[in-house]
Amino acid sequence: MALLKMEEWYDLARETNWTPSYVTEDELYPAPMSNNYDIPVETWETFDEPYKVTYRDYVNAQRDKDVGAYSVKAALARSDFFKNASPHWKALLALHFSAVCWAEFHSASAFARITRFTRSPGMRNMATFGTLDEIRHGQIQIYFAYEFLKHDAVFDWCHKSSKTENWIIISLRHALDDIAHTRDATSAAIMLNMGLELAFTNLQFVALSADAAKCGDHTFATMLQSIQSDEARHAQIGEPIVRIMVENGKKKEAQQLVEIAFWRIWKQFSALSGIGMDYYTPLAHRENSLKDFMEEWVIGQFGRTVEALGLDLPWYWDILKKDISNFHHANQIGVYVYRATEWWRPIAATSPAEREWLEKKYPGWNETYGKCWDVISQNIRNGDYEKTVPAAPPLICNMCGLEVTGVPGDKWQAVNHHIDIDDRRYHFCSEPCKWIFEIEPSRYKGHKSIIDRVFDGTIGPEPDDFYNYMGQSPEERGTDGYEYRWVDGYDEFDNDEPLHATG
Amino acid sequence: MADFPLAINLQGDYGYKVIVVDEANTIEEVINTSVDQIVSVLVAPFPEGTILRARVHGSDEPLDNSLRVADAHFIRMEALQIYVEK
Numbered sequence: 001m002a003l004l005k006m007e008e009w010y011d012l013a014r015e016t017n018w019t020p021s022y023v024t025e026d027e028l029y030p031a032p033m034s035n036n037y038d039i040p041v042e043t044w045e046t047f048d049e050p051y052k053v054t055y056r057d058y059v060n061a062q063r064d065k066d067v068g069a070y071s072v073k074a075a076l077a078r079s080d081f082f083k084n085a086s087p088h089w090k091a092l093l094a095l096h097f098s099a100v101c102w103a104e105f106h107s108a109s110a111f112a113r114i115t116r117f118t119r120s121p122g123m124r125n126m127a128t129f130g131t132l133d134e135i136r137h138g139q140i141q142i143y144f145a146y147e148f149l150k151h152d153a154v155f156d157w158c159h160k161s162s163k164t165e166n167w168i169i170i171s172l173r174h175a176l177d178d179i180a181h182t183r184d185a186t187s188a189a190i191m192l193n194m195g196l197e198l199a200f201t202n203l204q205f206v207a208l209s210a211d212a213a214k215c216g217d218h219t220f221a222t223m224l225q226s227i228q229s230d231e232a233r234h235a236q237i238g239e240p241i242v243r244i245m246v247e248n249g250k251k252k253e254a255q256q257l258v259e260i261a262f263w264r265i266w267k268q269f270s271a272l273s274g275i276g277m278d279y280y281t282p283l284a285h286r287e288n289s290l291k292d293f294m295e296e297w298v299i300g301q302f303g304r305t306v307e308a309l310g311l312d313l314p315w316y317w318d319i320l321k322k323d324i325s326n327f328h329h330a331n332q333i334g335v336y337v338y339r340a341t342e343w344w345r346p347i348a349a350t351s352p353a354e355r356e357w358l359e360k361k362y363p364g365w366n367e368t369y370g371k372c373w374d375v376i377s378q379n380i381r382n383g384d385y386e387k388t389v390p391a392a393p394p395l396i397c398n399m400c401g402l403e404v405t406g407v408p409g410d411k412w413q414a415v416n417h418h419i420d421i422d423d424r425r426y427h428f429c430s431e432p433c434k435w436i437f438e439i440e441p442s443r444y445k446g447h448k449s450i451i452d453r454v455f456d457g458t459i460g461p462e463p464d465d466f467y468n469y470m471g472q473s474p475e476e477r478g479t480d481g482y483e484y485r486w487v488d489g490y491d492e493f494d495n496d497e498p499l500h501a502t503g
Numbered sequence: 001m002a003d004f005p006l007a008i009n010l011q012g013d014y015g016y017k018v019i020v021v022d023e024a025n026t027i028e029e030v031i032n033t034s035v036d037q038i039v040s041v042l043v044a045p046f047p048e049g050t051i052l053r054a055r056v057h058g059s060d061e062p063l064d065n066s067l068r069v070a071d072a073h074f075i076r077m078e079a080l081q082i083y084v085e086k
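Quick note, the sequences are listed as chains A and B, same order. Its first residue numbered 1, the first sequence is counted upward by one per residue in this note's numbering. Its first residue numbered 1, the second sequence is counted upward by one per residue in this note's numbering.
If you want it as structure tokens, here you go:
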């Protein structure tokens with residue numbers, strides 16, 4: 001019997017839906033989990049994703065991707081790439097793997113929830129593939145990172161980090177929980193797909209993949225490319241949902257969901273990709289800055305996508321255009337000076353040549369962020385390493401969980417936004433972070449930043465109490481990745497072992 | 001008297017720091033504590049003769065240096081800027 005061509009059966013299969021008879025619609029799709037936004041199910045059934053795939057083709061394509069990625073890994077397994085990699089690249093790998101692996105795996109549960117509770121059969125189909133994608137992304141990245149564990153115990157954090165109360169993990173987990181894990185299926189789909197995947201994954205997976213290849217880390221580059229091809233497919237879930245919402249009088253709701261998710265995830269990528277691209281990528285292989293990528297991929301491309309779907313550019317777009325030149329630079333200072341609070345070995349990446357690059361890409365960097373680094377560098381030259389660690393902890397934003405920063409140096413500008421609720425002061429790093437809080441204070445007001453926990457007695461008063469609370473033994477507290485041998489450049493030798501930043 | 005945390009941004013620093021003072025401290029003492037903890041760590045020493053003042057973030061008016069924290073009606077983690085008086 002001749003098999004049907006895909007186009008003859010595909011829509012019938014992906015549009016299959018049913019009317020429940022053992023339970024009511026509301027019991028099957030409770031509003032808190034589902035939320036049809038009062039749009040009839042017949043309209044949700046018109047969900048139409050641009051890129052369609054059958055399960056058979058999906059399995060074949062994914063298998064080919066895995067073969068590609070794993071064979072490159074196997075071929076390069078005997079190389080001493082990691083052992084010979086610079087502290088720059090090691091810091092980048094440690095940061096990426098320990099932040100991303102579990103986030104991907106957690107996304108699988110978000111997609112599974114979307115699969116179960118969406119009213120649209122087409123979306124149910126796509127979210128099923130998304131679930132499988134994210135399981136794969138979690139597994140492939142943990143497996144690839146596992147190889148490094150024999151060289152450096154920091155990669156234990158790929159698995160461990162999500163279970164700790166480290167301040168960076170609190171920040172990331174709060175953002176992902178907010179957009180993907182504590183929302184109904186429709187809202188989570190818009191927030192996760194539009195606000196995270198469509199907007200930002202190119203930054204971490206395409207830009208970083210290109211940098212990895214230039215650095216000679218082809219295993220990492222291939223792995224990232226294989227992941228991003230999945231993101232490109234399941235990120236398209238967001239667009240048809242937004243179209244349905246806009247066309248059915250729910251533009252305001254869709255707009256707000258995109259705006260909340262985008263800003264929350266921007267803050268995370270600002271730290272992850274911003275520090276990764278502008279500081280941790282070795283200078284010799286660094287071409288485009290975070291600002292370059294954001295202007296092209298996000299402010300340009302994503303902005304056009306948002307408008308093409310019938311939404312407006314987020315109200316804070318002009319704030320974003322300034323933030324891309326500032327926030328991550330300030331946070332890099334904080335990540336370095338508070339390095340013991342991180343589990344990897346942070347690097348300053350502000351040698352003279354690197355400062356020149358930063359000045360070129362961010363005119364004015366030396367008069368602003370550079371002024372803090374001048375003080376830090378001089379302390380290192382004087383051998384006053386203790387003075388490179390502030391005694392006072394930073395103020396942490398009660399939304400994004402990162403430092404409340406402004407502009408330092410000659411153009412000093414203090415930035416702070418706050419709200420008082422029930423005699424408690426909530427601080428925010430930006431207007432959008434505050435705006436998100438104000439939309440639903442009851443949702444956010446119970447959460448405490450790491451600094452709140454210090455001052456309300458949750459964390460004990462001794463220094464070790466702080467690190468123990470964050471899950472860091474003495475051996476897991478970050479130190480300068482270059483052991484302070486970077487202030488005047490990297491061409492130094494110690495016991496005939498060169499310190500190098502070339503890859 | 002009791003400890004009181006304040007969020008301080010000293011002129012030149014990249015962000016706010018949480019500095020714990022005593023409620024009995026004056027604003028001048030708050031300024032001095034902040035200088036001790038931040039100058040020469042993240043901010044270069046100020047030229048001799050520099051006068052530093054403190055103000056609540058968002059206000060243009062400096063706080064009286066003799067004002068005690070306990071009398072200032074601050075909320076815990078009040079945001080203050082410490083800036084160079086012109």
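Ideal placement from N, C-alpha and C gives every residue a C-beta, glycine not left out. Bear in mind the structure is a predicted one, so any value in this text is a computation, not a measurement.
At 7 Å on the CB atoms, spell out the chain A contacts of B:Arg-76, in chain order.
Those are Arg-425, listed as they occur along chain A.
Nearest-angstrom Cα separation, counted from B:Leu-52 out to A:Glu-475
40 Å
Note down, in chain order, all residues in the segment 402-421 of chain A with a beta-carbon under 7 Å from any beta-carbon belonging to chain B.
Listed by position, the residues of the segment 402-421 of chain A near chain B (Cβ gap below 7 Å) are Glu-403, Val-404, Thr-405, Gly-406, Pro-408, Gly-409, Trp-412, Ala-414, Asn-416, His-418, Asp-420.
Taking only the alpha-carbon atoms, compute the straight-line gap between B:Ala-7 and B:His-57 and give it to the nearest angstrom.
10 Å
Go to A:Pro-432, then tell me how far its alpha helix (DSSP H) extends in each direction, as first and last residue.
Per DSSP, A:Pro-432 belongs to the alpha helix (DSSP H) from 431-439.
For A:Asn-416 versus B:Ala-79, is the C-beta spacing smaller than 9 Å?
Cβ distance < 9 Å, so A:Asn-416 and B:Ala-79 count as in contact.
Can you find a C-beta in chain B that's less than 9 Å from the C-beta of A:Val-487?
no
Own chain, CB closer than 8 Å to B:Asn-9, minus 5 neighbours either side, in chain order:
Gly-15, Tyr-16, Lys-17, His-57, Ala-79, Leu-80, Gln-81, Ile-82
Less than 9 Å separating the beta-carbons of A:Tyr-280 and A:Ile-347?
Going by C-beta atoms, A:Tyr-280 is nearer than 9 Å to A:Ile-347.
Please specify which runs of the alpha helix (DSSP H), each continuous and at least 4 residues long, are wholly inside the segment 358-415 of chain A, giving them in chain order.
Within the segment 358-415 of chain A, the complete alpha helix (DSSP H) runs of at least 4 residues are 369-381.
Would DSSP call B:Tyr-83 helix, strand or coil?
strand
Once the 5 residues before and after A:Ile-135 are set aside, which same chain residues still bring their CB inside 6 Å of it?
Ala-108
Assigned secondary structure, B:Pro-5 (DSSP; H/G/I helix, E/B strand, else coil)
strand
A:Asn-382 classed as buried or exposed, judged by whether at least 16 other C-beta atoms fall within 10 angstroms:
exposed
What residue does the alpha helix (DSSP H) around A:Leu-311 start on, and which one ends it?
According to the DSSP assignment, A:Leu-311 belongs to no alpha helix (DSSP H), since it is labelled neither H nor E.
Would the segment 33-47 of chain A and the segment 238-251 of chain A be scored as touching if the rule is three or more Cβ pairs under 8 Å?
yes
Nearest-angstrom Cβ-Cβ length linking A:Ile-170 and A:Ile-450, presumed shorter than 8 Å
6 Å
In the DSSP assignment, the beta strand (DSSP E) including A:Lys-163 goes from what residue to what residue?
Counting along the chain, A:Lys-163 falls outside any beta strand (DSSP E), and DSSP gives it neither H nor E.
8 Å Cβ cut-off: residues of chain E touching B:Lys-17
Annotation note: the requested chain E is absent from the structure, which comprises protein chains A and B.
A:Cys-372 and A:Pro-394 look like a contact to me (Cβ under 8 Å); what is the Cβ gap, rounded to whole Å?
The pair is not a contact, with the Cβ atoms about 13 Å apart (cut-off 8 Å).
Thinking C-alpha only, which one of A:Leu-283, A:Ala-308, A:Leu-320 is nearest A:Pro-352?
A:Leu-283
Taking only beta-carbon positions, decide if B:Ser-40 is within less than 9 Å of chain A.
yes
With distance defined between alpha-carbon atoms, name the residue in A:Phe-302, A:Ile-168, A:Ala-199, A:Leu-149 nearest to A:Lys-90.
A:Leu-149
May I ask you to report which of helix, strand or coil DSSP gives B:Leu-63?
Of the three classes helix, strand and coil, the one that applies to B:Leu-63 here is coil, per DSSP.
Touching or not, the segment 155-174 of chain A and the segment 188-201 of chain A, by the rule of three or more beta carbon pairs under 8 Å?
The answer is no - the segment 188-201 of chain A does not touch the segment 155-174 of chain A, with fewer than three Cβ pairs under 8 Å.
When you check each C-beta in the segment 432-465 of chain A against every C-beta of chain B, which residues fall closer than 7 Å?
Ile-451, Phe-455
Flag this pair as yes or no: are the beta carbons of A:Thr-219 and B:Val-41 separated by less than 9 Å?
no
Members of the segment 42-62 of chain B that neighbour chain A once the beta carbon cut-off is set at 7 Å
Leu-42, Val-43, Ala-44, His-57
C-alpha distance - A:Arg-345 paired with A:Arg-304, whole-angstrom precision
38 Å
Boundaries of the beta strand (DSSP E) in which A:Phe-428 is found, first to last residue:
424-428
Short-range partners of chain B found in the segment 348-359 of chain A, where Cβ spacing is below 8 Å:
Under the 8 Å Cβ criterion, the segment 348-359 of chain A contributes no residue.
Between A:Ala-210 and chain B, is there a C-beta pair that is closer than 9 Å?
no
Which same chain residues end up closer than 8 Å to A:Ala-212 when comparing Cβ atoms and leaving out the 5 residues on each side of it in sequence?
His-218, Phe-220, Ala-221, Leu-224
Can you tell me where the alpha helix (DSSP H) holding A:His-328 begins and where it ends?
327-337
Check the Cβ-Cβ distances between A:Gly-334 and every residue of chain B, and say whether any is below 9 Å.
yes
Taking beta-carbon pairs under 7 Å, can you tell me which members of the segment 8-35 of chain B lie near chain A?
Asn-9, Gln-11, Gly-12, Asp-13, Tyr-14, Gly-15, Tyr-16, Lys-17, Val-18, Ile-19
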